[in-house]
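Here this note's numbering is used: the first residue of the sequence shown is 27, the next is one more, and so on.
Every residue gets a Cβ at the ideal spot worked out from N, C-alpha and C, and that includes glycine.
Okay, so here's the structure we're looking at.
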Amino acid sequence: MTTVTKPADRPPVTSTGVALSSIGSTLQKTLVFEVLVILGNSLGALAMIGAAYGMATQDHFTGASLYFGYLADGVPAALFAAAAVGAGVGGGRPGEMLKAAESGDIAMLRQLSSPGWAVVAVVASWVVPGIALRKVNAAIRELGSQSR
27 MTTVTKPADR PPVTSTGVAL SSIGSTLQKT LVFEVLVILG NSLGALAMIG
77 AAYGMATQDH FTGASLYFGY LADGVPAALF AAAAVGAGVG GGRPGEMLKA
127 AESGDIAMLR QLSSPGWAVV AVVASWVVPG IALRKVNAAI RELGSQSR
C-alpha cells in the first residue's frame, strides 16, 4: 500500500482556492491589456498632435485648413488622450481586485466587484477588459454564494 503525503507548507487545494486563482489570472491578463490600451491611446494622441503640427508648419494657419485640418486632428487627439486617462483610472480597480484575490480576501473582492466598472472598462479600455471584468464579476458572485 502506498501512502500519499503532502508537504506541510502547502495548504490543501479547495474550490475557493481554485476560483481565486482563476480570478487572479484573469485580472492579471486584464491589467496587461490595460497597459497596452494606455500605450496605444497615448501613441494615437501623439500621432494626431504630430500631424496637426505638421499641417500647421506647412499651411501657416489659413482659414479652411485651420478648420478642417487642425480641428479634425485635434478632436481625435483629445479623444485618444481622454481614453488613455480613462483606461488608467479604470485600470486601478482591477489592480485592487487582484491584490484582494491574491491575499484571499473574499469580502474585499466582493466589495470591489461591480458591473459598473465593467461598463467603464468597455468604454474606456476598448472591449476586452470589460468582457474580462464581467466574467470576473460572475465568478465572484459564484464564489460569494459558495462561501455562504
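Spatial distance of residue i from residue j (CA atoms)
i, j, result
"residue 49", "residue 139", "11 Å"
"residue 104", "residue 74", "9 Å"
"residue 126", "residue 166", "12 Å"
"residue 76", "residue 119", "32 Å"
"residue 209", "residue 111", "This structure does not reach residue 209, given that the chain is present from 27 up to 174, and the question cannot be answered."
"residue 84", "residue 150", "34 Å"
"residue 109", "residue 171", "35 Å"
"residue 81", "residue 136", "51 Å"
"residue 102", "residue 132", "41 Å"
Own chain residues within Cβ distance below 8 Å of residue i, not counting five before or after
i, result
"residue 12", "Residue 12 lies beyond the stretch modelled for the chain, which goes from 27 to 174, so this question has no answer here."
"residue 141", "160 and 163"
Beta-carbon contacts of residue i that lie in its chain and below 6 Å, excluding the five residues immediately before and after
i, result
"residue 147", "116, 155, 156 and 159"
Supposed close pair residue i, residue j - CB separation, criterion 8 Å
i, j, result
"residue 63", "residue 113", "5 Å"
"residue 54", "residue 124", "6 Å"
"residue 121", "residue 46", "That pair is no contact at about 16 Å."
"residue 43", "residue 78", "Residue 43 to residue 78, Cβ: 53 Å. No contact."
Cutoff 7 Å; reference residue i; Cβ partners in own chain excluding five residues on either side
i, result
"residue 128", "50"
"residue 52", "158, 161 and 162"
"residue 134", "126"
Under 8 Å, with one C-beta from each stretch per pair, do the segment 148 to 157 and the segment 53 to 72 reach the 3-pair mark? Taking one beta carbon from each stretch, the segment 148 to 157 and the segment 53 to 72 have 3 or more pairs nearer than 8 Å; the two touch.
Please list the segments of the beta strand (DSSP E) lying wholly inside the segment 57 to 82, counting only runs of 3 or more residues, in order along the chain. Listed in chain order, there is nothing to give.
Just to confirm the assignment: which complete alpha helix (DSSP H) runs, minimum length 4, are found wholly within the segment 96 to 155? 97 to 129, 132 to 138 and 141 to 150
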